[in-house]
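Asks: In my numbering, the protein residues as written are 1172 to 1467.
Quick reminder that beta carbons are idealized off the backbone N, C-alpha and C, glycines included.
Got a structure here, written out as structure tokens. Questions coming.
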Amino acid sequence: MLFPVSGVECSPLLPMAAAFCISFLTSMGGISGAFLLLPFQISVLGYIHPGVSATNQVFNIVACPSGVWRYWREGRLLGPLTLIMALGTLPGVFAGALIRVTLLPDAARFALFAALVLLYMAGRLLWDVWRSRHGAAKGGRSGGKAAPCRIVSFNLREFVFASGGESYAVSCRAVFLLSLVVGLVGGIYGIGGGAIMVPFLIAFFGLPVHAVAGASLFCTFLTSVAGVCFYSLLAPFWPALGVRPDWLLGLLFGVGGMGGMYLGARCQKFVSARMLKYLLAAILLFTAIRCLGQAL
């Protein structure tokens, strides 16, 4: 089957199967899997135009709601965290889309940028695992079990929530500023930002992965809607670069991802937080190496 917008020719079952497998693994960590689908599109499908970033976000729009709904059903969707993250990432997504089209249209330069982002995220996760192991030995919080979240207080300065018998205080200003940076990188790379935000929330704020996963997926959905709209608006101004998304390819990715995210969200509570971090770090390292191979 030929996808005329992207020029990709493959069986329609291939993108659905790839998205299902990727989303099942990554959604347990609150990540849609778009950060892995982009290298898959570049290296396996040969989709190298800037529109690959927008197509990735189409996948997020279709796939994320199933995972978000499952986390909401289990009482693990933090509304205040979702709101703050969305307010910060939306402006960054717009700026990132402009940078992608004007400064990083070349496939090799973009692959190098993607590899550096992925390597940094993997390093942060591995550092957090090492630090949490030593903290646990000293009696620190493990945050290893999934439990419903309860909002204790929320104002412009901070919000406090309880999960698994422990309380967590989060600075609203710090999350907002972090979200601006994450939105910028996410807009360039073609992801909602969850793949970057989750490691930071875990490593810098000490939040349990089971509590932030739902908010991350919901924020990914919102920012992906904005990203697709912005890429579509930019497309007429750069007709030769192939900026507009391939909606058909993105929808097939989304259908596969929808099933993978729902199943992953349902299975997450049976997997320890430490194991999820190791899994995400391994996936990030593998993808970064692939991107470096394409860039060098």
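How big is the Cα-Cα spacing for G1310 and W1418?
Replies: Residue numbering aside, residue 1310 sits at position 139 when the sequence shown is read from its first letter. Residue numbering aside, residue 1418 sits at position 247 when the sequence shown is read from its first letter. The predicted model places G1310 with a pLDDT of 42, which falls under 50 and marks its position as unreliable; any figure quoted below should be read in that light. Approximately 50 Å, taken between the alpha carbons.
Asks: Taking one C-beta from the stretch 1434-1443 and one from the stretch 1268-1288 each time, how about it: are there three or more such pairs within less than 8 Å?
Replies: Flag = no, the stretch 1434-1443 and the stretch 1268-1288 do not touch.
Asks: From P1319, A1397, F1325 and G1428, pick the residue whose C-alpha is nearest to that of V1380; which is it?
Replies: Reading the sequence shown from its first residue, position 209 is the one you call residue 1380. When only C-alpha atoms are compared, the closest one is P1319.
Asks: Please list, in chain order, all residues of the same chain as A1293 whose beta carbon is under 6 Å from its beta carbon, the five residues on each side excluded.
Replies: Numbered from its first residue, the sequence shown carries residue 1293 at position 122. Within the same chain, A1293 has close Cβ partners A1452, L1455 and L1456.
Asks: In the DSSP assignment, find the beta strand (DSSP E) that holds Y1339 and state where it starts and stops.
Replies: Here the question's residue 1339 lines up with position 168 in the sequence shown. E1337 to S1342 is the extent of the beta strand (DSSP E) around Y1339.
Asks: Which residues in the same chain as A1459 place their Cβ atom closer than 7 Å to its Cβ, once the five residues preceding and following it in sequence are excluded?
Replies: Sequence index remark: in the sequence shown, residue 1459 carries index 288 (1-based). Within the same chain, A1459 has close Cβ partners A1286, L1289, L1290 and A1293.
Asks: What is the rounded straight-line gap between the Cα of T1226 and the Cα of L1173?
Replies: Position 55 of the sequence shown, counted from the start, is the residue given in the question as residue 1226. Position 2 of the sequence shown, counted from the start, is the residue given in the question as residue 1173. Computed Cα separation, rounded: 16 Å.
Asks: Checking the sheet assignment: what are the DSSP bridge partners for L1296?
Replies: Reading the sequence shown from its first residue, position 125 is the one you call residue 1296. Answer is none; L1296 lacks a bridge partner.
Asks: Return the bridge partner residues of E1180 from the DSSP annotation.
Replies: Sequence index remark: in the sequence shown, residue 1180 carries index 9 (1-based). Note: E1180 sits in a beta bridge opposite L1173.
Asks: Measure the C-alpha to C-alpha separation of V1468 and L1252 and round it to an integer number of angstroms.
Replies: This structure gives no information on residue 1468, because the portion of the chain shown stretches from 1172 to 1467.
Asks: Which whole runs of the alpha helix (DSSP H) in the stretch 1407-1462 are 4 residues long or more, in chain order?
Replies: Counting only runs of 4 or more, we get 1418-1438.
Asks: For the beta strand (DSSP E) that contains I1322, what are its first and last residues?
Replies: By 1-based counting over the sequence shown, the position of residue 1322 is 151. Unbroken beta strand (DSSP E) run through I1322: C1320 to F1325.
Asks: Given a threshold of 16 other Cβ atoms within 10 Å of its Cβ, counted over all protein chains shown, does G1217 qualify as buried or as exposed?
Replies: In the sequence shown, counting from the first residue as 1, residue 1217 sits at position 46. Counting Cβ neighbours within 10 Å, G1217 comes out exposed, since fewer than 16 surround it.
Asks: Are S1350 and L1258 closer than 9 Å when you measure CB to CB?
Replies: The count along the sequence shown starts at 1 and reaches residue 1350 at position 179. The count along the sequence shown starts at 1 and reaches residue 1258 at position 87. Cβ atoms of S1350 and L1258: closer than 9 Å.
Asks: Which value, in whole angstroms, describes the spacing of the CA atoms of G1335 and C1343?
Replies: Here residue 1335 refers to the residue found at position 164 when the sequence shown is read from its first residue. Here residue 1343 refers to the residue found at position 172 when the sequence shown is read from its first residue. C-alpha separation (whole angstroms): 22 Å.
Asks: Since S1334 is in the beta strand (DSSP E), which residue starts that stretch and which ends it?
Replies: Stepping through the sequence shown from its first residue, residue 1334 is reached at position 163. It spans E1329 to S1334 - the beta strand (DSSP E) in which S1334 sits, taken as one unbroken run.
Asks: Please classify Y1402: does DSSP put it in a helix, a strand, or coil?
Replies: As a working note, residue 1402 is residue 231 in the sequence shown. Three-state result, Y1402: helix.
Asks: Our contact map puts H1220 next to G1413 with C-beta atoms below 8 Å; I'd like the distance itself, whole angstroms only.
Replies: What you label residue 1220 is simply residue 49 of the sequence shown in a count that begins at 1. What you label residue 1413 is simply residue 242 of the sequence shown in a count that begins at 1. About 3 Å separates the two Cβ atoms, so the contact holds.
Asks: Could you compute how far the alpha carbon of F1424 sits from the alpha carbon of K1448?
Replies: Counted from its first residue, the sequence shown places residue 1424 at position 253. Counted from its first residue, the sequence shown places residue 1448 at position 277. Each residue's Cα considered, the two are about 24 Å apart.
Asks: For F1206, report the span of its alpha helix (DSSP H) as first-last.
Replies: In the sequence shown, counting from the first residue as 1, residue 1206 sits at position 35. Its alpha helix (DSSP H) spans residues A1205 to S1214.
Asks: Can you tell me whether S1177 is buried or exposed? The criterion is at least 16 other CB atoms within 10 Å of its CB, across all chains shown.
Replies: Taking the first residue of the sequence shown as 1, we reach residue 1177 at position 6. The residue is buried, with at least 16 neighbouring Cβ atoms inside 10 Å.
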